[in-house]
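Residue numbers (our numbering): 513 to 772.
For every residue, glycine included, the Cβ atom is placed at its ideal position computed from N, Cα and C.
Presented below is the structure to which this report refers.
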Amino acid sequence: MIPILLFASGLGAGAFGALLGIGGGIILVPLLNFGFGLPLGHAVAIALACVIATSSGAAATYVKDHRCDVRLGMKLEIFTVAGALAGAFVAPFMPRSALQILFGLMIVPVTWSLLRKAPSDGAASFDGQSVPVRNLPLGCGVSFAAGSLSALLGIGGGPIKVPAMNLLMGVPFKVATATSNFMIGVTAAASVFVYYARGMLDVGMAAPTVLGVILGATVGARLMPHVPTRRLKQVYSVLLVLLGAEMISKGLDFDLWRML
Numbered sequence: 513m514i515p516i517l518l519f520a521s522g523l524g525a526g527a528f529g530a531l532l533g534i535g536g537g538i539i540l541v542p543l544l545n546f547g548f549g550l551p552l553g554h555a556v557a558i559a560l561a562c563v564i565a566t567s568s569g570a571a572a573t574y575v576k577d578h579r580c581d582v583r584l585g586m587k588l589e590i591f592t593v594a595g596a597l598a599g600a601f602v603a604p605f606m607p608r609s610a611l612q613i614l615f616g617l618m619i620v621p622v623t624w625s626l627l628r629k630a631p632s633d634g635a636a637s638f639d640g641q642s643v644p645v646r647n648l649p650l651g652c653g654v655s656f657a658a659g660s661l662s663a664l665l666g667i668g669g670g671p672i673k674v675p676a677m678n679l680l681m682g683v684p685f686k687v688a689t690a691t692s693n694f695m696i697g698v699t700a701a702a703s704v705f706v707y708y709a710r711g712m713l714d715v716g717m718a719a720p721t722v723l724g725v726i727l728g729a730t731v732g733a734r735l736m737p738h739v740p741t742r743r744l745k746q747v748y749s750v751l752l753v754l755l756g757a758e759m760i761s762k763g764l765d766f767d768l769w770r771m772l
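Below you can see the structure in the form of C-alpha cells.
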C-alpha cells in the first residue's frame with residue numbers, strides 16, 4: 513500500500529512541479545516528513561531525487577516543443593550552481609533562522625507582483641529561440657542568490673528563479689516555468705549525491721515516488737500550454753505563500769505543519 517501512496521504522491525508533485533517550474537519539493541518534503549514519518553533529511557533527499565526526475569521528464573517535453581529558453585537557462589544555471597557552492601561553504605556560519613524569516617517576508621511582495629502583472633504575457637509568440645530579456649546582470653545575481661538560499665535553507669531555486677525571470681527580466685511566465693524546469697535538475701543532482709553518500713537516500717521509498725514524479729511531470733508538461741496563465745500564477749502564488757509561512761515558522765522555531 514505504501515508504494516502505491518508514494519507513487520500517487522509523486523504523480524501529483526511531478527505534475528505541479530512541471531506546471532510551475534518548482535520541482536515538487538515544496539509538496540513532497542512536508543508530505544514525506546509528516547505523512548510518511550520520514551526524518552526531514554531523508555525526506556529532503558528523496559525530494560531532491562524527484563526534482564531531478566521532474567526536470568528530466570518535463571524539460572525533455574519543453575525543449576522538444578520549443579517552450580524552453582535553453583540559452584538563457586544555461587547562462588543563469590552557471591550562477592545558480594556557483595551560488596549553491598558558496599551557500600554550502602558559508603552555511604555553518606550563517607544565522608539560518610534569520611534567513612528563513614527574511615525569505616518568508618520576501619514572499620509577500622513577490623506574490624503581490626505576480627498577481628498584479630497582466631496574465632497574457634506573450635508566451636504564445638515564443639518560437640523556441642532565446643527571448644529578449646532585460647536586466648540580465650540582475651537576473652544572474654538573483655540566480656546566484658537562489659543557489660545560495662537553496663543550499664542554506666534546503667529549498668529549490670525554482671520559487672526564486674521563476675518570479676525573477678518573469679518580473680525582473682521580462683520572460684513570459686510559461687517560458688520562465690519551462691526554463692526553470694530545465695535548470696533545477698542540475699542543481700539538485702549535485703546535492704542528492706551528498707545525501708546518498710551520507711546514507712540518507714532511502715532507495716526503496718524513492719523508487720516509487722520518482723516513478724510517479726516522472727509520469728506526473730510528463731503529464732504536467734503536456735497540460736501546461738492549455739492552462740491559462742492567470743490560473744498558473746494563482747496556484748503558484750498560493751504555493752509561494754505556503755513556502756513563506758513554512759520558512760517563517762522554522763525561523764521562529766515552531767512547527768506550522770503540525771499545527772495544521
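Worksheet item: In terms of residues, what are the limits of the alpha helix (DSSP H) holding M717?
Response: First-last of the alpha helix (DSSP H) with M717: V715 to L735.
Item to complete: Go ahead and pull the three-state DSSP assignment for M759.
Response: Reduced to three states, the DSSP call for M759 is helix.
Fill in: Backbone CA spacing between V747 and L560 [nearest angstrom]
Between the C-alpha atoms of V747 and L560 there is a straight-line separation of about 22 Å.
Discussion item. On the CB-based measure, 16 or more other CB atoms within 10 Å of its CB, does I514 come out buried or exposed?
Written reply: When all chains shown are included, I514 counts as exposed.
Worksheet item: Would DSSP call R710 helix, strand or coil?
Response: In the structure shown, R710 sits in coil (DSSP, three-state: anything other than H, G, I, E or B).
Item to complete: Throw me the rounded Cβ distance for the L532 and T689 pair, which I believe falls under 8 Å.
Response: Right, their Cβ atoms sit about 6 Å apart.
Item to complete: Tell me whether C580 sits in a helix, a strand or coil according to DSSP, three-state version.
Response: C580: coil per DSSP, three-state reduction.
Worksheet item: Below 8 Å between beta carbons: does that hold for L764 and I613?
Response: When the beta-carbon positions are compared, L764 and I613 come within less than 8 Å of each other.
Worksheet item: Are the beta-carbon atoms belonging to F519 and L713 less than 8 Å from one another?
Response: No; because the gap between Cβ atoms is not below 8 Å, this pair is not in contact.
Worksheet item: So which of I534, I558 and A530 has the shortest CA-CA distance to L543?
Response: The option with the nearest alpha carbon to L543 is I558.
Worksheet entry | Neighbourhood of T623 by C-beta distance below 7 Å, restricted to the same chain and skipping five residues each side | For T623, where only same-chain residues beyond five positions count, the Cβ hits under 7 Å are S749, L752 and V753.
Worksheet item: Straight-line CA distance for H578 to V593?
Response: Straight-line Cα distance between these residues: approximately 24 Å.
Item to complete: Under 6 Å Cβ to Cβ from A555, same chain only, skipping five residues before and after it: list those, please.
Response: In chain order, V541, L544 and N545 place their CB closer than 6 Å to the CB of A555, counting only its own chain and leaving out the 5 sequence neighbours on each side.
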